[in-house]
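Counting in my numbering, the sequence shown runs from 86 upward without gaps. Let me begin by presenting the structure, written as structure tokens, before commenting on it.
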Amino acid sequence: MVRSKTNLPALTALVSLAAWCIPGAGYFILGRKTHAVTIFGAVAVTFCLGLYIGSIGVIDPVAAKPWYVAQILNSPLVAVIGRITASGEFAVYGKPNEIGQIYTSISGLLNCLCIVKSAHLAYETNRPTGAAGA
């Protein structure tokens, strides 16, 4: 399906935003349901495993800002968890904290790659073809 150039940025932005809000949703919009389920499963399981290992306290926007930047790439819902844990009541220390932060951050970085790839696919599969469009 070919769209005009005016709709192309809107589609790319929609796919990117959906892929950030729900991992795999960008691929779902593009009709790649198998990719969508695989990505959702991989990102969600990795993120939930990190929370299970380190508790909700691994998402700390105050004391662990570098980790939080990678974690927020999972979904905007991570910001909600960050507001809850910003008080410091869910402190976790030692090896479980480190492993939980690594798992949740890696799932965010994986989702970032999937967001970029789905946006690229939205652009490439829907851009006008021809000598002037290439």
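Backbone N, C-alpha and C define an ideal beta-carbon position, used for all residues, glycine too. Note that the coordinates shown come from a computational prediction; the quantities given were computed from them, not determined experimentally.
query	result
Close Cβ partners of T97 (< 7 Å) along its chain, the five nearest in sequence each way excluded	A204, A207 and Y208
Where R212 falls: helix, strand or coil (DSSP)	coil
Separation of R212 from T156, as counted between CA atoms	At residue 156 the sequence reads Gln, which differs from the Thr that was named. Roughly 32 Å between the two C-alpha positions.
Test item: CB-CB of F125 and G109 under 8 Å	yes
CA-to-CA distance, Y112 to I169, given in whole angstroms	30 Å
Candidates R117, E183 and A164, of which the one nearest C106 by Cα	A164
Residue nearest to L194 in terms of C-alpha spacing, selected from K180, L158, Q186 and K202	L158
Three-state secondary structure (DSSP) of L206	helix
Inter-residue CB distance, I139 and I184 (contact presumed, cutoff 8 Å)	Looking at the sequence shown, residue 139 is not Ile but Gly. Contact flag correct, Cβ pair sits at about 6 Å.
Through-space distance from P161 to Y178, alpha-carbon basis	25 Å
Whole-angstrom distance between V147 and V87, CA atom to CA atom	Any reading at V87 must be qualified, since the residue scores a pLDDT of 44, below 50, and its modelled position is unreliable; the value itself is stated next. Roughly 46 Å separates the two Cα atoms.
T123 versus C199: straight-line alpha-carbon distance, rounded	11 Å
Backbone CA spacing between P94 and S101 [nearest angstrom]	10 Å
Residue environment, L143, which counts as buried when at least 16 other CB atoms sit within 10 Å	Note on identity: in this sequence residue 143 is Val, with Leu being the wrong assignment. Its Cβ being crowded by 16 or more others within 10 Å, V143 is buried.
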